[in-house]
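Take the sequence shown: its position 433, counting from 1, is numbered 489 in this note's numbering, and each next residue is one higher. Even glycine gets a Cβ: it sits at the ideal position worked out from N, Cα and C. Because the structure is a prediction, the values reported are computed rather than measured.
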Amino acid sequence: SVVLLWLFILLLFFFIRVRRPKNFPPGPRPLPILGNLLQLDPVNPLKDLEGLKRRYGNVFSLYIGSRPAVVLNGLEVVREALVTRAAEYAGRPTHMMVSHLFKGKGIVMANYGSSWRDHRRFALTTLRNFGLGKRSMEERILEEVSHICTELESSAGGSMDPQHLFHLAASNIICSLIFGERFEYDDPVILTLIQRLEEFTKEAIGPWAMLYEIIPVLRPLPLPFRNVFHKFDKMKEHIKKVVTKHKHSRIAGEPRDLLDCYLDQIDKTADGGSTFNDAQMVSLLLDLFIAGTDTTSNTLRSAMLYLMTNQHVQDRCHREITEVLEGRADASFEDRHAMPYVQATIHEAQRMSDTVPLSVFHTTCSNTQINSYQLPQGTMVIPNLSSVLHEEGQWKFPHEFNPENFLNEVGEFVKPEAFLPFSAGSRVCLGEGLARMELFLVLVTLLRRYRFVWPEDGGVPDFSLIFGGTQSPKPYRLGVRLRSSEELPTVSTREI
Ligand code: HEM
57 SVVLLWLFIL LLFFFIRVRR PKNFPPGPRP LPILGNLLQL DPVNPLKDLE
107 GLKRRYGNVF SLYIGSRPAV VLNGLEVVRE ALVTRAAEYA GRPTHMMVSH
157 LFKGKGIVMA NYGSSWRDHR RFALTTLRNF GLGKRSMEER ILEEVSHICT
207 ELESSAGGSM DPQHLFHLAA SNIICSLIFG ERFEYDDPVI LTLIQRLEEF
257 TKEAIGPWAM LYEIIPVLRP LPLPFRNVFH KFDKMKEHIK KVVTKHKHSR
307 IAGEPRDLLD CYLDQIDKTA DGGSTFNDAQ MVSLLLDLFI AGTDTTSNTL
357 RSAMLYLMTN QHVQDRCHRE ITEVLEGRAD ASFEDRHAMP YVQATIHEAQ
407 RMSDTVPLSV FHTTCSNTQI NSYQLPQGTM VIPNLSSVLH EEGQWKFPHE
457 FNPENFLNEV GEFVKPEAFL PFSAGSRVCL GEGLARMELF LVLVTLLRRY
507 RFVWPEDGGV PDFSLIFGGT QSPKPYRLGV RLRSSEELPT VSTREI
């Protein structure tokens with residue numbers, strides 16, 4: 057039977073020709089079943105995509121298995137699709153493993169429709185501080201920053217691997233907002249959850265997930281991709297336990313966090329017809345936890361890598377921060393308007409960190425077009441954000457770290473249109489405001505208090521990124537030096 061199976065596959069390869077729809081964007085010839093997968097480096101396909109862009113132009117197509125996907129490159133076409141034709145490009149794929157895990161619930165993988173819209177609006181307004189109880193988003197972030205400082209204090213004079221710390225801190229900030237609690241850095245509950253999240257994010261886009269997607273007949277078999285479903289269920293179980301605890305301890309109408317706000321929302325809309333319910337709530341909470349953790353922490357790690365290896369940039373930031381904050385204990389997000397160089401540095405670090413290189417895949421919600429090509433409804437669309445963040449002609453220094461990319465001739469902060477790390481249009485990152493506040497408050501507080509140096513035994517800095525749904529820098533050690541006492545604020549970091 058194995059021989060027969062191979063014969064069958066060979067026949068498919070020889071006799072089936074995959075044909076692109078009429079007037080579809082051009083691209084390399086696909087193989088049956090596998091499509092163009094063999095033409096893409098599984099470790100990092102970004103270089104191959106760059107090569108295809110040079111050959112076929114800013115809009116080209118690829119087959120992922122037997123499904124065509126259109127890759128959009130550069131600011132002009134990404135903006136045309138996601139902003140000008142936002143409603144036509146706002147769908148999400150329904151055939152991928154992550155789509156099956158979330159079953160279209162929550163926000164990230166929910167298709168364009170009323171449930172997605174209601175939940176997106178709810179999460180945005182709640183996070184924008186209309187319902188987080190007594191403590192604002194800014195206060196919760198500053199609380200976490202003070203814990204990061206305490207942790208770094210113990211490494212002052214030496215070095216440490218910041219991966220774990222930044223990951224836990226980012227996860228704590230999101231946990232504080234949605235569940236009303238943060239965890240100690242050695243708390244087994246958060247350590248287990250984070251470990252599951254790390255494994256889940258790796259496996260949900262790994263080779264087994266690809267096999268699951270391209271050969272549907274394999275799906276019921278007990279192959280390693282079942283682990284992903286298992287890990288996902290475990291994370292869900294954890295969230296369900298938190299929900300049960302909240303239901304017992306809450307006072308209706310007095311929310312402590314986003315979860316309480318959601319429970320209030322269910323009460324308000326209990327008379328039927330609403331998209332708010334327990335299953336959606338669990339998916340939304342998982343969405344926010346997953347989307348808000350390693351995106352921010354990987355960006356912070358990249359930022360530190362560039363700061364450590366550009367002492368002049370760090371010193372200029374430090375001077376600006378000291379001048380603006382004077383003797384004040386804490387920075388506030390409002391201070392960003394008085395710190396053009398710091399703003400430019402943080403944005404530049406974010407550009408180079410290129411954290412979500414291929415965005416989250418979209419699909420077309422109706423027949424549409426791009427340039428002169430026709431895209432049928434349901435076509436998968438991959439916005440190549442990486443190509444925009446390094447696009448020649450859009451940046452003064454597209455391929456190197458240089459805060460001048462965000463400064464005009466008189467040193468004012470300016471944000472070029474091609475700064476799209478959060479994507480654009482109706483599905484633009486929901487956590488953009490939160491992420492920007494986190495990056496600013498964490499980096500300003502740390503740069504004020506510490507000098508970060510590349511450790512003498514650290515070898516040669518490696519700026520290449522590990523590709524993934526979210527990219528991350530390679531592990532490195534962060535040299536931590538406490539700035540001299542006269543440079544520090546008179547009141548030490550935030551008291552809790
Ligand atoms: C979606 C980037 C932090 C929640 C996205 C997308 C990108 C992105 C590129 C896809 C947009 C699209 O489909 O076109 C980033 C980056 C972050 C970050 C670079 C940090 C530096 C966060 C945080 C949260 C979050 C902290 C938590 C609140 C979401 C959600 C979506 C999303 C819920 C789905 C939006 C939708 O489908 O309507 N993000 N993100 N993100 N992000 Fe973020």
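Counting contacts by CB-CB distance shorter than 8 Å, is residue i in contact with chain C?
i	result
Val-133	Chain labels in this structure do not include chain C; a single protein chain is all it has.
Relative to the C-alpha of residue i, which candidate in the options has its C-alpha closest?
i	options	result
Glu-293	Phe-332, Lys-103, Val-245	Val-245
Phe-281	Asn-366, Met-153, Ala-335	Met-153
Leu-90	Glu-269, Ser-422, Arg-392	Glu-269
Met-291	Asp-343, Gly-309, Lys-324, Pro-517	Asp-343
Leu-233	Asn-423, Leu-340, Trp-172	Leu-340
Val-412	Val-201, Ser-353, Pro-517, Asp-243	Ser-353
Glu-30	Ser-520, Leu-267, Asn-79	This structure leaves residue 30 out entirely; the chain is present only between 57 and 552.
Phe-488	His-156, His-203, Asp-518, His-403	Looking at the sequence itself, residue 488 is Glu, so the reference to Phe does not match. The option with the nearest alpha carbon to Glu-488 is His-403.
Ile-250	Phe-288, Ile-271, Gly-214	Phe-288
Gln-336	Phe-158, Ala-359, Pro-149, Asn-100	Phe-158
Leu-490	Ile-229, Gln-450, Met-266, Thr-501	Ile-229
Ile-197	Ser-540, Ile-522, Phe-523, Thr-501	Thr-501
Can you find the residues in the same chain that come closer than 6 Å, C-beta to C-beta, to residue i, ignoring five residues on each side of it along the sequence?
i	result
Ile-438	Ala-125, Val-127, Leu-414, Phe-417
Tyr-241	Leu-224
Thr-546	Legend: pLDDT at Thr-546 = 47, less than 50; position of this residue unreliable, value from coordinates given subsequently. If we look at Thr-546 and ignore the five residues flanking it on each side, its Cβ neighbours are Gly-383.
Leu-221	Glu-207
Val-536	Leu-208, Ser-211, Ala-212, Tyr-506
Leu-108	Phe-116
Pro-98	none
Asn-92	Pro-84, Pro-86, Leu-118, Tyr-119
Please return the same chain residues whose Cβ sits closer than 7 Å to the Cβ of residue i, not counting the five positions on each side in sequence.
i	result
Glu-237	Cys-231
Leu-138	Tyr-145, Pro-439, Ser-479, Ala-480, Gly-481
Glu-551	The predicted model places Glu-551 with a pLDDT of 39, which falls under 50 and marks its position as unreliable, so this point remains unresolved.
Gly-130	Asn-114, Ser-443, Val-444, Glu-447
Pro-459	Val-369, Tyr-397, Ala-400, Thr-401, Glu-404
Arg-357	Pro-218, Gln-219, Phe-222, Ser-528, Pro-529
Ala-265	Met-153, Glu-259, Phe-281, Val-284
Given a cut-off of 8 Å on the beta-carbon distance, is the pair residue i and residue j in contact?
i	j	result
Ile-346	Phe-332	no
Tyr-112	Pro-82	yes
Tyr-506	Leu-476	no
Asp-217	Pro-529	no
Arg-407	Asn-366	no
Met-193	Met-436	no
Val-201	Met-364	no
Ser-409	Thr-349	no
Phe-389	Leu-497	yes
Val-134	Asn-427	no
Leu-102	Leu-94	no
Leu-463	Ala-400	yes
Arg-533	Gly-514	yes
Arg-85	Thr-424	no
Ile-261	Gly-525	yes
Leu-170	Pro-511	Here the sequence assigns Ser to residue 170, which means Leu is not the residue at that position. Result no, Cβ atoms of Ser-170 and Pro-511 do not sit closer than 8 Å.
Leu-486	Ala-226	no
Once you ignore the five residues that flank residue i on each side, which residues in its own chain have a CB closer than 8 Å to its CB?
i	result
Asp-334	Val-299, Ile-322
Gly-309	Asp-320
Pro-77	Pro-124, Gln-430, Pro-432
Leu-503	Leu-363, Gln-370, Cys-373, His-374, Ile-377, Val-398
Thr-420	Glu-144, Tyr-145, Gly-147, Leu-431, Pro-432, Gln-433, Gly-434, Thr-435, Val-437
Leu-441	Val-134, Asp-410, Val-412, Pro-413, Leu-414, Ser-415, Leu-476, Pro-477, Ser-479
Pro-263	Pro-98
Gly-467	Pro-396, Tyr-397
Thr-325	Phe-332
Say the cut is 7 Å; is the CB of residue i nearer than that to a heavy atom of ligand 2?
i	result
Val-466	Inclusion of ligand 2 in the displayed structure is not the case, the ligand content consisting of ligand 1 alone.
Which runs of the beta strand (DSSP E) fall wholly inside the segment 399-474 and span at least 3 residues, in chain order?
Segments of the beta strand (DSSP E) lying fully in the segment 399-474: 424-426, 429-431, 436-440.
Taking only runs of the alpha helix (DSSP H) that begin and end inside the segment 141-225, which ones reach a length of at least 4 residues, in chain order?
Runs of the alpha helix (DSSP H) inside the segment 141-225: 153-158, 170-181, 193-209.
Indicate whether the contact test is met: 3 or more Cβ pairs, each with one atom in the segment 368-378 and one in the segment 390-398, closer than 8 Å.
With the cut-off at 8 Å, the segment 368-378 and the segment 390-398 touch.
Specify whether the segment 243-260 and the segment 270-290 touch according to this definition: at least 3 beta carbon pairs, one from each stretch, less than 8 Å apart.
The segment 243-260 makes contact with the segment 270-290, as at least three CB pairs between them are under 8 Å.
So within the segment 95-124, which uninterrupted alpha helix (DSSP H) runs reach at least 4 residues, ignoring any that extend past its ends?
Counting whole runs of 4 or more residues, the segment 95-124 contains the alpha helix (DSSP H) stretches 102-112.
Using 8 Å as the threshold, is the segment 161-175 in touch with the segment 197-211, meaning 3 or more CB pairs across them?
Fewer than three beta-carbon pairs drawn from the segment 161-175 and the segment 197-211 are found closer than 8 Å, and the two stretches are therefore not classed as touching.
Assess contact between the segment 147-167 and the segment 465-476, defined as three or more Cβ pairs (one per stretch) separated by less than 8 Å. Is contact present?
Verdict: no, contact absent.
Only counting runs of 4 or more residues, tell me where the alpha helix (DSSP H) segments fall wholly within the segment 298-364, in order along the chain.
The DSSP assignment places 314-324, 334-364 as complete runs of the alpha helix (DSSP H) inside the segment 298-364, in order along the chain (cut-off: 4 residues).
Continuous beta strand (DSSP E) assignments of at least 3 residues falling wholly in the segment 485-534:
Runs found: 506-509.
Go through the segment 243-269 residue by residue and report every complete run of the alpha helix (DSSP H) that reaches 4 residues or more, in order.
Within the segment 243-269, complete alpha helix (DSSP H) segments of at least 4 residues are found at 244-259, given in chain order.
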